[in-house]
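Colleague:
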Amino acid sequence: MKRILIIEDNSDIRENLEEYLMLCQFDVTIAENGEIGWAKIQEESPHLILCDIAMPKMNGFQVLKQVRADAKIAKIPFVFITSSAQKKDLEKGMAVGADAYLTKPFQMQELTTVINQFMEEKVDP
Amino acid sequence: MINEKSTFEAIFSAATLGIIVVDEAGKILQANPYAAQLFGYSPSELIGQAVEILIPVAAHSIHVSHRKKYMADPRPRLMGKGRELFGLRKDGAEFAIEISLSHTEIEGEKVTISFISDVTERTKKAKYLLALETAVEKAATPIAFAELDNRISYVNQAFIEKWGYDSKTELIGRYPGEFSASMEKVDEIMKTLHREGSWEGEDVARKKDGTLFATFVNTKLIRDRNDNPLRIMATFVDISNIKEKERALQKQKESAQTYLEMAGSIIVVINKNEEVNLINREGAAALGYEEEEIVGKNWFEHFVPEPNRDALRQVFQGILKEELSQLVHYENEIVDREGQYKLIRWYNRVLNDENGHPVATISSGMDITQTRRIEKELEQSRAQLKRYATELEEEVKKQTLELALNQTKLKQANKLAKIGYWEIDLEDEPRIFWSEEYYQLYEVEQNIKIEDRRYFLQFVHPDDRAKVVSTTKKAIKEGKDISFDYRITTPTQKKKYLRTELHCQKDDEGVVKKVFSVVQDFTEQKYAEHQLEQALKKERDVGLLKSRFVSMASHEFRTPLTSILASAGLIDMYRERGMLDKQIKHVQRIKSSVDNLTSILNDFLSLEKLESGKIQFKTMPIDLLNFIAEVREEVSLMRKGQIIEHQHEGDNIAEIDPHLVKNILINLLSNAIKYSAETEAVQLITEKKNGSLKIQVIDRGIGIPEEEQRQLFSRFFRASNANTIQGTGLGLTIVKRYIDLMNGSISFTSQENEGTTFVVEIPQADTPAP
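Those protein sequence lines, which keep their order, are chains F and C.
Using my numbering, you'd call the opening residue of the first sequence number 487 and step up by one each time.
Using my numbering, you'd call the opening residue of the second sequence number 13 and step up by one each time.
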């Protein structure tokens with residue numbers, strides 16, 4: 487089973503996404519802020535990371551930067567889920583090297599489409 | 013057989029060499045025709061003459077003694093060896109000769125035979141060669157010769173000096189390459205020279221001490237009459253100066269180019285044919301093209317918009333034909349690639365050719381489109397004021413005209429226009445006069461006796477006094493007219509804005525004799541101006557609020573909506589699987605998210621209601637302990653785990669509007685929960701005594717950064733350390749409005765990472781304890 491890590495500080499969203507992805511047959515791990523998220527990435531090196539931007543302790547940009555700086559995990563697909571519709575934020579996200587982003591609110595189908603796109607590319611070693 | 017004697021006679025007469033036979037006494041015995049012709053005589057004229065007839069007079073005596081010496085020791089030899097010999101012709105002309113002498117005996121008599129040749133031509137040639145050699149040797153230009161094996165065989169003095177050597181011997185026999193920076197290059201040159209017969213070009217020479225200098229070399233293969241190479245000649249010109257200048261020029265050119273590119277303005281050169289010769293990067297950018305796309309194009313056809321094209325063209329041609337004087341400043345529009353017009357302010361210069369005729373213009377331009385637009389807007393924003401001022405002026409004019417008939421009426425006009433005046437007579441003893449209207453401006457009784465020139469200064473706003481005094485003094489001192497504004501407070505405590513126009517009257521010598529001042533009340537204008545500024549400020553504030561609202565709404569609405577969409581998706585999935593309990597759970601979750609959205613909307617609505625004055629408060633006696641218990645119940649749903657501790661002092665019954673106070677409490681408590689860790693307790697302290705209800709909410713949360721505390725109650729404001737925590741930035745605004753409504757007060761103390769204490773006080777009509 488493919489592992490997906492959700493880093494999101496809003497508990498409703500976090501739990502809902504977790505539940506949904508589990509029903510989609512993924513192995514899901516959750517983290518409620520960037521710091522915990524970063525620790526889980528190192529522990530589990532998931533197949534994909536879904537990450538909020540505005541979070542306490544460590545924000546999404548910081549998490550992504552650290553991921554990209556570590557050769558062992560740098561290749562993990564990284565998807566921002568953001569409530570900010572500000573174009574500037576999104577551009578910044580892509581500039582620091584996010585693979586995709588989802589703007590809140592989004593339909594579950596959109597989420598599945600984005601995830602599948604990376605899962606097809608990635609073959610389990 | 014030919015007769016021997018006649019043979020010799022024939023030789024004697026036909027010889028192309030002068031032959032003269034002289035006896036021991038120096039008398040000419042024989043002279044052949046060639047000799048006679050050489051000296052301009054016939055042979056018969058010479059025979060029997062002393063040989064000295066053929067010698068210049070100056071040499072006669074020395075010749076006689078030489079002749080005698082020769083006779084004493086006669087042997088064949090050249091005469092006068094090492095010296096130039098001259099013959100004297102019959103016509104007196106002297107000419108260079110060479111004589112060889114021989115001695116014999118003819119019929120027992122000792123004779124001397126002289127063989128004479130005319131060497132005039134040869135001498136001339138020798139002299140010429142000598143002069144040539146000297147010229148080469150002394151020439152200022154370094155010259156060198158080399159043999160066909162390339163070894164140097166001659167260098168002149170200039171060469172030795174130029175290359176820093178001491179003598180020729182140091183150089184002779186060496187190869188030219190040794191005197192150049194590059195032997196390889198010289199080898200190539202020599203090869204070319206042998207092949208083509210000549211070479212000229214630049215080379216770098218190397219001096220004896222190793223220093224280098226640039227030189228222009230001209231070499232030639234010298235050939236004899238039969239075109240066979242004889243030797244090589246080379247001349248050198250030191251061009252290091254020229255090189256230096258070339259380098260400086262290049263540098264200058266480069267830096268000029270750099271300046272051109274760095275210039276913050278547009279620079280364009282347009283030639284006679286209206287074509288762009290040069291445009292800098294800034295210019296190209298303004299037009300939206302690459303530089304190469306512009307250069308060579310007709311400026312007016314491509315970059316000047318139609319309406320002005322022909323007019324500008326005429327001006328341009330006029331300048332170039334010297335029909336119009338140079339237009340130094342000019343403003344016109346250009347059109348860029350997108351078809352946008354830009355207004356450019358140009359500074360133009362005409363470029364002349366060496367004869368002083370204009371050939372092109374160079375213009376530097378600034379894009380003032382933006383400036384103009386801002387000026388226009390400014391103009392518009394002032395328009396209202398102007399209109400007001402104009403109307404007032406019109407009114408004054410109208411009234412003035414109507415009332416100008418007599419003095420009283422004029423005074424009324426002044427009064428209406430609120431214009432007064434004063435004057436100071438500086439002659440003799442300075443005296444000051446204030447007009448009646450001036451008193452009226454200050455609303456001071458006119459009939460009081462005033463000696464103090466500065467009497468009115470006491471009414472001037474303290475901050476403006478210094479300005480009034482110094483500006484007036486300065487105007488008097490410099491004899492200048494000046495205008496300035498200042499504020500006054502009348503004895504009746506009216507605040508007014510006055511504008512004064514000072515005028516200095518001078519005598520013939522320029523000494524100020526009198527100062528007049530016309531003073532006008534323009535409080536009303538000032539007030540209008542103030543109103544306008546306030547309106548503008550409000551508009552700016554609204555703009556700021558709008559942008560805050562957009563960013564808040566973006567986050568606050570999107571979060572619950574995301575949760576709702578996810579739950580909706582999950583309900584679909586659970587329905588397929590027939591899992592009812594899960595469906596119910598998510599319906600609940602959707603409901604709670606919708607509640608969340610509703611409460612955000614309610615916040616807006618209550619603020620809206622508050623601001624439009626639709627909320628009124630109704631007080632009633634309330635049992636505080638029950639009331640607080642209810643509030644805690646409601647708030648407990650929001651807790652992350654915090655305990656809410658409540659203490660109460662004083663009366664239990666308070667006279668309050670329960671709806672408003674509950675809202676206040678829920679807001680403050682939910683903030684305390686939201687912004688503190690789940691392990692920290694939140695304290696609520698209520699106190700009802702001394703005519704007031706005091707409520708304190710204390711948390712040990714993240715606190716409010718000191719520099720942001722001032723803005724805490726503004727709409728949509730979120731502290732920088734609360735960015736990641738949900739909130740609309742409206743809660744405290746609403747709390748503050750509610751408290752204002754109840755004539756209460758709210759204050760807080762806070763320290764970042766330590767916690768925050770809010771203190772609310774609501775006034776109470778003192779009710780005695782039951």
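Glycine is no exception: its CB is placed at the ideal position from the N, C-alpha and C atoms.
Computed from a predicted structure; not experimentally measured.
1. Provide the residue(s) that pair with H660/C in DSSP beta bridges, ordered along the chain.
2. Between T568/F, K488/F, L588/F and Y506/F, which has its C-alpha nearest H533/F's C-alpha?
3. So is G351/C buried or exposed if we call it buried at 16+ other beta carbons inside 10 Å?
4. Check whether chain F comes within 9 Å of P572/C, counting only Cβ atoms and requiring the distance to be less than that.
5. So for Y359/C, helix, strand or coil by DSSP?
6. Can you find a C-beta in chain F that's less than 9 Å from the C-beta of M378/C?
7. For D615/C, which beta-bridge partners are listed by DSSP?
8. I need the boundaries of the beta strand (DSSP E) containing M245/C, first residue and last residue.
9. List the DSSP bridge partners of E343/C.
10. Quick one: which unbroken beta strand (DSSP E) runs of 3-plus residues sit fully inside the stretch 150 to 233 of chain C? Chain order, please.
11. Please name the residue in L453/C, T483/C, K525/C and T504/C whose C-alpha comes closest to that of E441/C.
12. Mind listing the chain F neighbours of R601/C? Cutoff is C-beta to C-beta under 8 Å, in chain order.
13. Between S762/C and the rest of its own chain, which residues show a CB-CB distance below 6 Å, the 5 nearest in sequence each way excluded?
14. Using 9 Å as the threshold, is the C-beta distance between V600/F and R554/F below it?
15. Helix, strand or coil for P775/C, going by three-state DSSP, please let me know.
16. From I279/C to E294/C, what does the alpha carbon distance come to, in whole angstroms?
17. Cβ of S611/C less than 9 Å from any chain F Cβ?
18. Under three-state DSSP, which class holds H542/C?
19. Taking 9 Å as the cut-off, decide whether the C-beta atoms of Q476/C and R511/C are in contact.
20. At least one CB of chain F closer than 9 Å to the CB of M1/C: is that the case?
21. Give the secondary structure of V582/F by DSSP, where H, G and I count as helix, E and B as strand, and everything else as coil.
22. Under the three-state reduction of DSSP, which class applies to K421/C: helix, strand or coil?
23. Taking a Cβ distance cut-off of 7 Å, strictly less, list which residues of the stretch 574 to 592 of chain F are near chain C, in chain order.
24. Out of K232/C, V34/C, L90/C and L573/C, which one is the CA nearest neighbour of I155/C?
25. Closer than 7 Å by beta-carbon distance: list the chain C residues that pair up with M541/F, in chain order.
26. Any idea if S611/C is buried or exposed, counting beta-carbon neighbours within 10 angstroms, 16 or more meaning buried?
27. With a CB to CB cut of under 6 Å and the five nearest residues on each side skipped, what residues in its chain are close to R384/C?
28. Mapping the DSSP letters down to three states, classify Y433/C as helix, strand or coil.
29. 9 Å is my cut-off, CB to CB: does M585/C come that close to chain F?
30. Based on the DSSP output, what are the partners of D593/C in its beta bridges?
31. Are any of the Cβ atoms in chain F nearer than 9 Å to that of L582/C?
32. With 16 other CB atoms within 10 Å as the buried threshold, where does Y353/C fall?
33. So for E719/C, helix, strand or coil by DSSP?
34. Would you check if the stretch 121 to 136 of chain C and the stretch 145 to 164 of chain C touch, i.e. whether three or more CB-CB distances between them fall below 8 Å?
35. Please indicate yes or no: does the CB of H369/C lie closer than 8 Å to some heavy atom of the ligand MG?
Modeller: So, from the listed chains and residues:
1. The residue given as residue 660/C occupies position 648 in the second sequence. The partner list for H660/C (beta bridge, DSSP) reads T698/C.
2. Along the first sequence, one-based indexing puts residue 533/F at 47. For H533/F, the closest C-alpha among the options T568/F, K488/F, L588/F and Y506/F is that of K488/F.
3. In the second sequence, residue 351/C corresponds to position 339, counting from 1. Exposed is the call here.
4. Your numbering for residue 572/C matches position 560 in the second sequence. Yes - at least one Cβ of chain F is within 9 Å of the one on P572/C.
5. As a working note, residue 359/C is residue 347 in the second sequence. DSSP places Y359/C in strand when its eight states are reduced to three.
6. Numbered from its first residue, the second sequence carries residue 378/C at position 366. It does not; no Cβ of chain F falls within 9 Å.
7. Taking the second sequence and counting its residues from 1, one reaches residue 615/C at position 603. None; D615/C has no bridge partner.
8. Your numbering for residue 245/C matches position 233 in the second sequence. Counting along the chain, the beta strand (DSSP E) containing M245/C begins and ends at P241 to D250.
9. As a working mapping, residue 343/C is identified with position 331 in the second sequence. DSSP, once it has assigned bridges, lists R357/C as partnering E343/C.
10. If we require 3 residues or more, the beta strand (DSSP E) runs fully inside the stretch 150 to 233 of chain C come out as 155 to 158, 164 to 167 and 210 to 218.
11. Position 429 of the second sequence holds residue 441/C. Checking every option, the nearest Cα to that of E441/C belongs to K525/C.
12. Position 589 of the second sequence holds residue 601/C. By Cβ distance, chain F contributes D498 and N502.
13. Looking up residue 762/C in the second sequence gives position 750. Within the same chain, S762/C has close Cβ partners G715, I716 and T768.
14. Translated into the one-based positions of the first sequence, residue 600/F becomes position 114. Translated into the one-based positions of the first sequence, residue 554/F becomes position 68. No, the Cβ-Cβ distance between V600/F and R554/F is not below 9 Å.
15. For this step, residue 775/C is matched to residue 763 along the second sequence. Three-state result, P775/C: strand.
16. Locating residue 279/C in the second sequence gives position 267, where the first residue counts as 1. Locating residue 294/C in the second sequence gives position 282, where the first residue counts as 1. I279/C and E294/C: Cα-Cα distance of roughly 8 Å.
17. Position 599 of the second sequence, counted from the start, is the residue given in the question as residue 611/C. No, S611/C lies away from the interface with chain F (no Cβ there is under 9 Å from its Cβ).
18. As a first step, residue 542/C must be located in the second sequence, where it is residue number 530. H542/C: helix per DSSP, three-state reduction.
19. On the second sequence, position 464 is the one that residue 476/C refers to. On the second sequence, position 499 is the one that residue 511/C refers to. One point to set straight first is that residue 476/C is Asp, not Gln, in the sequence displayed. Their beta carbons are not under 9 Å apart, which means D476/C does not touch R511/C by this criterion.
20. This structure cannot speak to residue 1/C, because chain C is shown only from 13 to 782.
21. In the first sequence, residue 582/F corresponds to position 96, counting from 1. DSSP places V582/F in coil when its eight states are reduced to three.
22. Taking the first residue of the second sequence as position 1, residue 421/C is located at position 409. Confidence at K421/C is low in this model, with a pLDDT of 49, below 50, so its placement is unreliable and no value can be given for it.
23. K590, P591 and F592
24. Taking the second sequence and counting its residues from 1, the one referred to as residue 155/C is at position 143. Comparing Cα positions, the closest option is K232/C.
25. As a first step, residue 541/F is located in the first sequence; it is residue number 55 there, counting from the start. Correct list: T736.
26. Your numbering for residue 611/C matches position 599 in the second sequence. Exposed.
27. Counting from 1 along the second sequence, the entry for residue 384/C is found at position 372. Contacts found: L355.
28. Taking the first residue of the second sequence as position 1, residue 433/C is located at position 421. Of the three classes helix, strand and coil, the one that applies to Y433/C here is strand, per DSSP.
29. Within the second sequence, the letter at position 573 stands for residue 585/C. It does: the Cβ of M585/C has a partner Cβ on chain F nearer than 9 Å.
30. On the second sequence, residue 593/C is found 581 positions in, with the first residue counted as 1. Looking at the DSSP assignment, D593/C forms no beta bridge with any residue, so it has no partner.
31. Counting from 1 along the second sequence, the entry for residue 582/C is found at position 570. Interface residue, yes.
32. By 1-based counting over the second sequence, the position of residue 353/C is 341. Of the residues assessed, Y353/C falls on the exposed side of the cut-off, its CB having fewer than 16 other CB atoms within 10 angstroms.
33. Working through the second sequence from its first residue, we reach residue 719/C at position 707. In the structure shown, E719/C sits in a helix (DSSP, three-state: H, G or I).
34. no
35. As far as ligands go, the structure on display features none, and thus does not contain the ligand MG.
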